[in-house]
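In UniProt numbering, the protein residues as written are 1 to 114.
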């Protein structure tokens with residue numbers, strides 16, 4: 001996994017966590033990849049904490065196809081959410097048609113039979 005700064009940050013801290021394994025998008029995930037998602041979350045939170053981000057004012061999530069700009073799974077880590085612009089708040093709106101939280105993805109994967 002690699003974690004780096006987003007080139008168009010939505011807030012003071014905006015990172016992308018990208019797994020080495022090629023996964024096109026969240027719809028390509030299966031139940032056996034829950035540990036990978038949990039690892040992305042844990043390492044992302046650690047990077048954010050190391051950079052002085054507020055873990056209590058953070059958004060973690062994925063863009064949903066066809067609204068993802070890159071065909072390789074990447075987790076957005078954004079903080080502080082309270083300082084996001086109106087447009088960024090819309091683009092990274094949790095559980096919308098275009099962006100989903102990590103919690104919703106994990107819940108969906110837990111319920112899946114694959």
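Glycine included, each C-beta is placed from N, C-alpha and C at the ideal position.
Quick caveat: nothing in here was measured; it's all calculated off a predicted structure.
Residue 77 sits in a strand when the DSSP states are folded into three classes.
Of the other Cβ atoms in all chains shown, fewer than 16 fall within 10 Å of the Cβ of residue 1; this residue is therefore exposed.
In this structure the region 47-55 does not touch the region 32-39; the number of beta carbon pairs closer than 8 Å is below three. Fewer than three pairs of CB atoms, one per stretch, sit closer than 8 Å, so the region 80-99 makes no contact with the region 15-26. In the structure shown, residue 49 falls within a helical segment according to DSSP collapsed to helix, strand and coil. Collapsing the DSSP output to three states places residue 67 in coil. With a 10 Å radius around the Cβ and a threshold of 16 neighbouring Cβ atoms, residue 10 comes out buried.
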